Amino acid sequence: MSLSDIQANPRNAPLKPALEPKRAPLQPRAVETYERILAACAELLGEVGIERLSTNLVCQRAGISPPALYQYFPNKYAILHELSLRLMQQQNRLLQPWAVPATMALPEAEFTHSMAALFLQMQQLTAEMPAGVWVTRAQRAVPALQPQRLRSREVLGEMVLAPFLVAHPRVDAARAQLTIRLAIDALYSAHELLFDEPALDPQAVAQTMAEMVAGQLARLCRAG
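Numbering (full-length UniProt numbering), first residue to last: 1 to 224.
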């Protein structure tokens, strides 16, 4: 830790690692290097895990020098952050066409079916994306990524809440917001459960999770 770090952090609290890329690649060769860094990190995550991952290992796998990596990323957490952002962007794209008033207005049984199908699509997308499972674990295990993880769930909640209130304008908005926020957490908990316990039946997990969420939303609508 440098003197300037100590002066800026007088109580010696743990410093949070920088997560933003140092600069965006512009030229084709720079873009290729940037993508090689991300691909190497994704490969290594599955081989050595989060704790043993290092920028030196990433450089070796990508075939570049440390200065070349540090042009773009200040540390391994910034690389994980970028991989995490890409995964969440893909998940959001999957959610967007589903999160519309017409879906929210479906009868309970049909809504359950649609939510279970969405869940399985998200599970497949994550499993097929390079290091998707390990990035999901990193979001949960790495303290530096927690703010991003929480913000992502807030964004998803907002994406679902708006069309839900359009479809059900009489429900209590605050209660709906809380219910949907908890539903997002239930979806991700089930999502992570399948990765942690692969012997579980994905169809059964999806159906049970969807029934729980749909039932609670239906009760909310009846109360409203």
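All C-beta atoms, glycine included, are put in the ideal place defined by N, C-alpha and C.
Quick caveat, the model's predicted, so the values are computed rather than measured.
Residue i versus the options, residue with shortest Cα-Cα distance
i    : options                : result
A167 : M104, I50, A24         : M104
R170 : L217, L125, E197       : L217
Q148 : V48, R36, L83, R52     : L83
P130 : R219, L44, A109, F111  : L44
G157 : A183, R140, D172, S54  : A183
A162 : T112, I180, A138, P28  : I180
A223 : A18, A176, A186, A117  : A176
P17  : L187, S152, V142, Q207 : V142
Three-way DSSP call (helix, strand, coil) for residue i in this model
i    : result
M104 : helix
D185 : helix
A204 : helix
E197 : coil
Q96  : coil
Own chain partners of residue i with C-beta closer than 8 Å, once the 5 adjacent residues on each side are dropped
i    : result
V31  : P25
H191 : F119, M122, Q123, T126, T136
L194 : Q123, L200, P202, V205
G132 : L87, L125, T126
R36  : A62, G63, I64
A39  : A62, P130
Contact test: residue i Cβ vs the ligand GTP heavy atom, cutoff 8 Å
i   : result
M88 : Among the ligands in the structure shown, none appear at all, so the ligand GTP cannot be discussed.
Close beta carbons around residue i, own chain, < 7 Å, minus the five adjacent residues each side
i    : result
A173 : L165
Cβ-based neighbour list, residue i, same chain, cut-off 6 Å, excluding 5 preceding and 5 following
i   : result
G49 : none
Quiz item: In chain order, which continuous runs of the beta strand (DSSP E) of length 3 or greater are located wholly inside the region 19-76?
Solution: Segments of the beta strand (DSSP E) lying fully in the region 19-76: there are none.
Quiz item: In the region 124-172, which residue ranges form an unbroken beta strand (DSSP E) of at least 3 residues, counting only runs that do not cross its ends?
Solution: List check, beta strand (DSSP E) in window: nothing returned.
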